[in-house]
Amino acid sequence: MSSKLICRRDLDFLLYQVMGADGLVSFERFAEHSRETFDATLDTAESIAIDHFASHAAELDENEPRCVDQQVALIPQVKAALAQYYDAGFGAATQDYALGGMQLPLTISVACKAIFSAANVSTLAYASLSAANANVIGTFGSESLRRLYRQPLLDGRFTGTMALTEPQAGSSLGDIATTALPTDDGHYLMHGSKMFISAGDHELSENIVHLVLARIKGAPAGVKGLSLFLVPKYLVEKDGALGARNDVVLGGLIHKMGYRGTTSTILNFGERGGAVAYLVGEPHQGLAYMFQMMNEARIGVGVGAVGLGYTAYQHALDYAQERHQGRPVGNKDASSPPQPLIAHSDVRRMLLAAKSYVEGGLCLSLYGAQLADRKAWSGEAAERERARTLLDLLTPVLKSWPSRYCLEANSLAIQVHGGYGYTRDYPVERLYRDNRLNPIHEGTEGIQSLDLLGRKVMMREGEAFELLCGEIELSIQHARSYARMREFSDSLHAALDMLRDTTKTLSRVLRAGDTELALANSSLYLDAFGHLVVAWLWLRQAEVALRVEDTSNDEARAFYRGKYMACQYFFRWELPRIEHACRLLSALDTTCLEVSADNF
-18 MSSKLICRRD LDFLLYQVMG ADGLVSFERF AEHSRETFDA TLDTAESIAI DHFASHAAEL
42 DENEPRCVDQ QVALIPQVKA ALAQYYDAGF GAATQDYALG GMQLPLTISV ACKAIFSAAN
102 VSTLAYASLS AANANVIGTF GSESLRRLYR QPLLDGRFTG TMALTEPQAG SSLGDIATTA
162 LPTDDGHYLM HGSKMFISAG DHELSENIVH LVLARIKGAP AGVKGLSLFL VPKYLVEKDG
222 ALGARNDVVL GGLIHKMGYR GTTSTILNFG ERGGAVAYLV GEPHQGLAYM FQMMNEARIG
282 VGVGAVGLGY TAYQHALDYA QERHQGRPVG NKDASSPPQP LIAHSDVRRM LLAAKSYVEG
342 GLCLSLYGAQ LADRKAWSGE AAERERARTL LDLLTPVLKS WPSRYCLEAN SLAIQVHGGY
402 GYTRDYPVER LYRDNRLNPI HEGTEGIQSL DLLGRKVMMR EGEAFELLCG EIELSIQHAR
462 SYARMREFSD SLHAALDMLR DTTKTLSRVL RAGDTELALA NSSLYLDAFG HLVVAWLWLR
522 QAEVALRVED TSNDEARAFY RGKYMACQYF FRWELPRIEH ACRLLSALDT TCLEVSADNF
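The sequence shown begins at -18 in our numbering and counts up one residue at a time.
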């Protein structure tokens, strides 16, 4: 099956030759699976993505959700596509067999999500949020909440949201003002307003389950006073039947530059006396519980960014091969035929850059998913702890690096298309708008950088960071056995040493208590850190490609040669960014601290 979504050959290469994903079947959890079942799942995902998701992506973008008779109207293809998605089992792909799931590794599920994201990220968003919502209920909810809400969410009868943001608070969750008052009936009555709530209202499902952060009356100020509540659009009776409409009202639709097909809403709770809300878990633990969904969503945002950037690159590559324009720089014969765009070296530069971003980003997402699988299902406690430590450290990178650099691939795809790239005649304009939202989804780059440098790198005296460094050093040693890899090995080793020294400098400042100075340029640290990790993954890809290149046929050799050239590009053009970043960071540059509001 051929498409312009995710290159299946590349996906198979990353899954099986680089990540060894077929080895996950050695875990008891996945014992009934095999390479064949994984491939069949990917085939099904690609078929549904092409026939039912990609087929209405442009129409959905041009026909945004709208309010009709106080209901949200969407084009019918969205509901039809989601029915195909759930009927094929993707809504519960990683869940237990007992819950109707396939017990797929997250690694394979993430590969499928990349395909669906490339096809139509707006439609996929409804299902992705619902799955994450069901996981939170399954982990922290009472037996009653699990019985009434989790299975309908997994089956697609219900859909779910996460309702955090408020008009006056934005990303500052400590300033949330929505309140919940206890009643004698065991539930709470909620009052407040939330905004930018994706999938907050629609008619795609029988019910919508909102997971809402709010304060129980009298709770402490700040994030320590937040609790998590389940607030359904329609109340659910003890036998599972739908009851009366809850006091949750659509306050309005927000129209964004991308993800136009995913409703973005203002929701008002308690306009008619109070929305019935059910406490999830213990009081005042809401943010801790919500971090499960937020972290899952952060990984999902990264995967979505990869899919959007990857399909844009595929479209640009196809256009550059088919569009004839211009002649070689040394050719003065105006009567000679024009050459394909890809014959121009600067076009190849843009394509190579985009290739290095999207294939590096896909490798990063699959690596993160494999860590999650090993954390959850390995039979060895030491391996589970090792994977947990690395995944905690890398979650900010898994979200933010693809959101920045796969977006750059979208920008390059527009440029390769020339003037046509800026029109709606080609999909790259829409794909760029969709991906431009991902740098802010689930926390800005600045928020992710504070998490990485302020918390993750520092946790347990830098243990996680040193564990990652050890993994990178091991790959460097392996790669040095190939003469053609020594340049890359040496460059990566030098970059690792620079980042290590920079991290030590910043850690000393943090421990000395000058938090503002240490974190002033944290976004630059996140960028350097992410580039180091992706360079490491490119080293691994190139080593595998070199190992099998000589035993392959001509077509396969061209593919593996492309991997090597993308690695070479990344190491020569991208990795040097780390040196500049580390110099600024180690010097504790105060420019951004010293500039005052009246200087602008």
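Built from N, CA and C at the ideal position, the CB exists for glycine as well.
1) Using three-state DSSP, classify L41 as helix, strand or coil.
2) For a test of the three-state rule: what should DSSP assign to F(-6), helix, strand or coil?
3) Looking at the secondary structure, which residues open and close the alpha helix (DSSP H) in which Q273 lies?
4) Quick one: Cα of M466 to Cα of V193, how far?
5) With distances taken from CA atoms, which of Y270, E497 and E43 is nearest V204?
6) Leaving out the 5 sequence neighbours to the left and right, which residues in its chain are closer than 6 Å to G262 when beta-carbon positions are compared?
7) Quick check on I421: does DSSP put it in helix, strand or coil?
8) Measure how close the beta-carbons of Y130 and L211 come, nearest whole angstrom, since I'm counting them as under 8 Å.
9) Is the segment 249 to 267 touching the segment 223 to 230, taking contact as three or more C-beta pairs under 8 Å?
10) Kindly indicate which three-state DSSP category A54 falls into: helix, strand or coil?
11) Bridge partners of M171, per DSSP?
12) Taking the alpha-carbon positions, what's the N580 to A501 distance?
13) When you compare the CB positions of T88 and D354, do they come within less than 7 Å of one another, or not?
14) Should M274 be labelled buried (16 or more other beta-carbon atoms within 10 Å of its own) or exposed?
15) Can you check DSSP and say which residues form a bridge with F368?
16) Among A35, S109 and A12, whose alpha-carbon lies nearest the alpha-carbon of D77?
17) Which residues does DSSP list as the beta-bridge partners of M143?
18) Does the segment -11 to 6 come close enough to the segment 344 to 352 to have 3 or more Cβ pairs within less than 8 Å?
19) What are the partner residues of R226, as DSSP defines its beta bridges?
20) Can you look up M83 in the DSSP assignment and give me helix, strand or coil?
21) Going by DSSP, what residue range makes up the alpha helix (DSSP H) through R467?
22) Put S577 into one of helix, strand or coil per three-state DSSP.
23) Return the first residue and the last residue of the beta strand (DSSP E) that C(-12) is part of.
24) Going by beta carbon distance, what residues of the same chain come within less than 7 Å of T484, once the five residues before and after it are set aside?
25) Using beta-carbon positions only, say whether R138 and E187 come within less than 7 Å of one another.
Concretely, from the data shown:
1) Here residue 41 refers to the residue found at position 60 when the sequence shown is read from its first residue. The answer is helix: DSSP assigns L41 an H, G or I state.
2) Indexing the sequence shown from 1 puts residue -6 at position 13. The answer is helix: DSSP assigns F(-6) an H, G or I state.
3) Here residue 273 refers to the residue found at position 292 when the sequence shown is read from its first residue. Segment G267 to E303, the alpha helix (DSSP H) holding Q273.
4) Sequence index remark: in the sequence shown, residue 466 carries index 485 (1-based). Sequence index remark: in the sequence shown, residue 193 carries index 212 (1-based). Across the structure, M466 and V193 are spaced so that their CA atoms are roughly 51 Å apart.
5) Counting from 1 along the sequence shown, the entry for residue 204 is found at position 223. If we check each option's Cα against that of V204, Y270 comes out closest.
6) The residue labelled residue 262 in the question sits at position 281 within the sequence shown. Excluding positions up to five away in sequence, the list reads F121 and Y270.
7) For the purposes of this step, residue 421 is taken as the residue at position 440 of the sequence shown. I421 falls in the coil class under three-state DSSP.
8) In the sequence shown, residue 130 corresponds to position 149, counting from 1. In the sequence shown, residue 211 corresponds to position 230, counting from 1. With a Cβ gap of about 7 Å, Y130 and L211 count as contacting.
9) yes
10) Taking the sequence shown and counting its residues from 1, the one referred to as residue 54 is at position 73. Strand, per DSSP.
11) Locating residue 171 in the sequence shown gives position 190, where the first residue counts as 1. Looking at the DSSP assignment, M171 forms a beta bridge with A161 and A256.
12) For the purposes of this step, residue 580 is identified with residue 599 of the sequence shown, where counting begins at 1. For the purposes of this step, residue 501 is identified with residue 520 of the sequence shown, where counting begins at 1. Looking at the two C-alpha atoms, the distance is approximately 18 Å.
13) The sequence position of residue 88 within the sequence shown is 107, counting from 1. The sequence position of residue 354 within the sequence shown is 373, counting from 1. The answer is yes: Cβ separation under 7 Å.
14) Here residue 274 refers to the residue found at position 293 when the sequence shown is read from its first residue. Buried: at least 16 other Cβ atoms inside 10 Å.
15) One-based indexing of the sequence shown puts residue 368 at position 387. A quick correction: the sequence has Ala, not Phe, at residue 368. None, per the DSSP bridge assignment.
16) If you number the sequence shown from 1, residue 77 lands on position 96. Looking at the Cα atoms, A12 is the closest of the given residues.
17) Along the sequence shown, read from residue 1 onward, the residue named residue 143 stands at position 162. For M143, which the question treats as bridged, DSSP gives the partners L192.
18) yes
19) The count along the sequence shown starts at 1 and reaches residue 226 at position 245. BP columns for R226 point to Y215.
20) On the sequence shown, position 102 is the one that residue 83 refers to. Three-state result, M83: coil.
21) Translated into the one-based positions of the sequence shown, residue 467 becomes position 486. Looking at the DSSP string, the run of the alpha helix (DSSP H) that includes R467 is R467 to R492.
22) Counting from one through the sequence shown, the residue named residue 577 turns up at place 596. It is coil, neither helix nor strand.
23) Here residue -12 refers to the residue found at position 7 of the sequence shown. Secondary structure note for C(-12): it is in no beta strand (DSSP E), with a DSSP letter that is neither H nor E.
24) The residue you call residue 484 lines up with position 503 of the sequence shown. Correct list, in chain order: V438 and F446.
25) Indexing the sequence shown from 1 puts residue 138 at position 157. Indexing the sequence shown from 1 puts residue 187 at position 206. Cβ distance < 7 Å, so R138 and E187 count as in contact.
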